């Protein structure tokens, strides 16, 4: 009878052990499925994140290219404006130089004209003085002759 009870107890323990093994196996399978699902989700999220990063990388590269083009355009505009201002300044200087050169020539002409007038006036005064001196001498000679 004791052997019978031991056998029944052993069968009961074996059955419980088998049930527990089955439960553990079922739980392991369930966990395995959950792990697979979580791994798939993780892979999907990783793939989406990589795609998003690629898009953002492309967008950033395009934005940087646009910014570079804008910077180049602005630099070109600034260069053109500075060149135009330099030309205008140079033209202004050339114009001012030409005007001053013309005024200088005009003054030279005026000075030569005034010099010619002064020379003629001086010669006339010298002639008048000589004529006056001659008349004074003649007048003194005539006066001496009458005395």
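In the numbering used here, the protein residues as written are 852 to 998. Positions of the beta carbon are idealized from the N, C-alpha and C atoms, including for glycine. A quick note: this is a predicted structure, and the numbers were derived from the prediction, not measured.
If you look at residue 962, you'll find it in the alpha helix (DSSP H) that goes 853-997. C-alpha of residue 878 to C-alpha of residue 856: approximately 32 Å in a straight line. A straight-line Cα-Cα distance of about 10 Å links residue 985 and residue 992. Residue 909 and residue 938 have their C-alpha atoms roughly 43 Å apart.
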